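Structure, as structure tokens:
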């Protein structure tokens, strides 16, 4: 039996970004000056005078006078210290013919954001044993139950409701005392007070919404995952063995959200519940043969694999218009009838992904110093199937090989090499990897699928819906393919006093799937295309020094140096048009990530009205636009 326990503490000791604490609230067009009566503009900007400690109305409460000073630690109101605790117990045992291992772990993780925590219980069981001289079996089950409480959406999009606590700190005057504001933001009747200033584009409740979420809201996400596998092995001959393995992965997720109202006596409010489940499977058959002929060792593996998904469901419902009785959380307490709103959703996902594969791995070794490995795999992808007599009718099949060659010249030429060269090996590889480019089911064209409507009585009525009706069909989508080339060497000197591992690589990714926005007049809002040749080149150097080596202990020092350069060789060129610039992420009042043909992949861009500020290799450059 083994037992282990881990305890960690996370201390939020500094703000998430550098903040100035010299100037306070004020508008720039008035040079930030106070009005004659000592009041200030109700603004989030910090163009006011330097802090001097004089009394002025508080930014969060104009009826209260407070010293005009910075609050450098006001961010701490939204953050607390985290704590991680994990306990694990394991039982294991066995004999020459059978072995087992059972483990249980309990995890509690308190986050640095208010009321955010995670609880997980997991059980893992494994068993292996010989049935007779030919057959043996391996099996295992892993189950985990996880509950996550009050996840805060920290993306830029969610700041308007107070979810992004980082933006709450950034978008307020530096003389704001969050702690005092938090203690007084509700009236005696439990309703929230109006926020005295707006943030950004008229968002007047971001801070108050954050306080309310800290104190009143409660969202629990429960996840259950089950992974089970069974493998049967057969030792047919001393040089041939067979195996068959199947595994299934079931995942279920449920959520429940209780939001207290911000009106008088907590009027308003919200309750929602729902969930989903998915199931994936994988079946693998393998034959493995080994043979030694004179100085050659041969190793061959043949594989046949099937994997995909099974039926899944998504369901949910929430109140609409608030709660009839405050602080009572159930669907029947909805102000508006759920049957006459869009407050109920239900969907079925039928098996939609399936892949059939055959593969082989052939290895030839000569005297343990020369090794050649050749692999090949062919996938047939259900996501890229087309009807006959269209350009992409054969695109569902993709073959990708690989070749790996290594030569330990120190073992081959030992007598001809100096003694200070302990070991030396050269290696080279060429590999191709293919997939469907995350095309997803039904990406090749429109179709029909089952759907559900809710009638006026709240009853579910089966119906049919159009799949991808807003996507323009592309009848020649191709699988994505990646080509990798690597050259390297391993060298050891002076009886392994120090050793070097060096590798140079070049990787090109072709036919990446891009989603283009469509022109509304065409009747479509999306178009899928294959595009791109993204190239990455670089090197990695690892140096290990072993100055102290004894029977009982040793000392190893390592230095790792690497460099990678990404380049967009091309995006998309056709008779219908060219694409040379692609927005990877962003485009919501913030920095965007772009890729430019001929430039690096993943360039940070800040957009202005007629210019771009481009961060390239650590430096800002200006790119003007026309219009």
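Numbering (our numbering), first residue to last: 29 to 655.
Glycine included, each C-beta is placed from N, C-alpha and C at the ideal position.
Please read these numbers as outputs of a predicted model, since none were measured by experiment.
Assuming contact is defined by CB atoms lying nearer than 8 Å, are residue 160 and residue 135 in contact in what I supplied? no
Under the rule that 16 or more other beta-carbon atoms within 10 Å means buried, what is residue 631, buried or exposed? buried
Three-state class that DSSP yields for residue 584 in the structure shown: strand
Residues near residue 213 in its chain [Cβ-Cβ closer than 7 Å; skip 5 each side]: 220, 221, 236 and 239
Sequence-distant residues of its chain with Cβ nearer than 6 Å to residue 116 (five each side left out): 32 and 133
So, for residue 39: in the same chain, excluding its five sequence neighbours on each side, which residues have a beta-carbon less than 6 Å away from its beta-carbon? 109
Kindly indicate which residue of 63, 64 and 75 has the alpha-carbon position closest to the one of residue 57. 75
Could you give the DSSP three-state label for residue 88: helix, strand or coil? coil
Just the C-alpha distance for residue 396 and residue 408, rounded to the nearest angstrom, thanks. 36 Å
Just to confirm my understanding: we take residue 277, look at its own chain, exclude 5 residues before and 5 after, and list those with CB closer than 6 Å. What are they? 255 and 308
In the segment 293-337, which residue ranges form an unbroken beta strand (DSSP E) of at least 3 residues, counting only runs that do not cross its ends? 298-321 and 324-337
Straight-line Cα distance separating residue 139 from residue 287: 20 Å
Among all the DSSP beta bridges, which residues are the ones paired with residue 591? 567
Beta-carbon proximity of residue 491 to residue 533, cut-off 8 Å: no
What are the start and end residues of the alpha helix (DSSP H) that includes residue 241? 234-243
Which partner residues does residue 155 have in the DSSP bridge list? 128 and 167
Within the same chain, show all residues whose beta-carbon is closer than 8 Å to that of residue 324, passing over the 5 residues directly before and after it, in chain order. 392, 393 and 394
Would you call the segment 543-550 and the segment 567-581 touching, i.e. three or more CB-CB distances under 8 Å? no
Following the continuous alpha helix (DSSP H) through residue 194, name the residue where it begins and the one where it ends. 193-198
Residues in its own chain within less than 6 Å of residue 451 by CB, not counting five upstream and five downstream? 438 and 520
If you run the structure through DSSP and keep just helix, strand and coil, what is residue 99? coil
Distance, Cα to Cα, residue 430 vs residue 326? 17 Å
So, is residue 93 buried or exposed, given that buried needs 16 or more other C-beta atoms within 10 angstroms? exposed
Which runs of the alpha helix (DSSP H) at least 4 residues long sit entirely within the segment 381-409? Give them in chain order. none
Based on the DSSP secondary-structure assignment, which residues constitute the bridge partners of residue 430? 403 and 459
Hey, is the segment 192-212 in contact with the segment 85-103, meaning 3+ C-beta pairs nearer than 8 Å? yes
Report buried or exposed for residue 163, applying the criterion of at least 16 other Cβ atoms within 10 angstroms of its Cβ. exposed
Between the segment 341-358 and the segment 313-324, do at least 3 Cβ pairs fall closer than 8 Å? no
On a Cα-Cα basis, can you pick out the residue from 290, 321 and 304 that is closest to residue 215? 290
On the premise that residue 279 lies in contact with residue 295, defined as a C-beta separation below 8 Å, what is that separation, rounded to the nearest angstrom? Between residue 279 and residue 295 the Cβ distance is about 38 Å, and since that is not below 8 Å, they are no contact.
I'd like the list of long-range same chain contacts for residue 53, defined as Cβ closer than 7 Å, with 5 residues on each side in sequence excluded. 68, 71, 74, 76, 87, 201 and 203
Short check: CB of residue 518 to CB of residue 453, under 8 Å? yes
Can you tell me which of the three DSSP states residue 46 falls into? coil
Count the other CB atoms within 10 Å of the CB of residue 340; is the residue buried (16 or more) or exposed (fewer)? buried
Where the beta strand (DSSP E) containing residue 208 begins and where it ends: Counting along the chain, residue 208 falls outside any beta strand (DSSP E), though it belongs to the alpha helix (DSSP H) covering 206-212.
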